[in-house]
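Note sheet for the following structure.
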Amino acid sequence: MNAPKILPWMARRAGIDDQHALRLWQRAVDESEKSQGCKDGANYHAEVMTRFIDAISASA
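Quick note: to get my numbering, add 116 to the position in the sequence shown (first position is 1).
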């Protein structure tokens, strides 16, 4: 899954750099794929975004 175009904005809002945000995004993608068993569907995409938001909140 490609990183969303809003990722740099979210990174700045969280006070982290873009590279760190990209690593957190990739981790959220990997964890969600393992959890969901696939890379498709609304539940998968919602889980990725939720995990990413939780990760940037914890990093800030």
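We put the beta carbon where it would ideally sit given N, CA and C, even for glycine. Here the structure is a predicted model, which is why all the values come from computation and not from measurement.
Cβ-based burial, residue i [other Cβ within 10 Å; buried from 16]
| i | result |
| --- | --- |
| Ser148 | buried |
| Arg129 | exposed |
| Ala158 | exposed |
| Ile122 | exposed |
| Ala127 | buried |
Member of the options whose CA lies at the smallest distance from the CA of residue i
| i | options | result |
| --- | --- | --- |
| His161 | Val145, Ser173, Ala176, Ile172 | Val145 |
| Asn118 | Trp125, Ser151, Gln142 | Gln142 |
| Lys150 | Leu138, Val164, Ala137 | Val164 |
N-terminal and C-terminal residue of the alpha helix (DSSP H) that residue i is part of
| i | result |
| --- | --- |
| Met126 | 123-130 |
| Ala158 | 158-175 |
| Lys150 | 134-152 |
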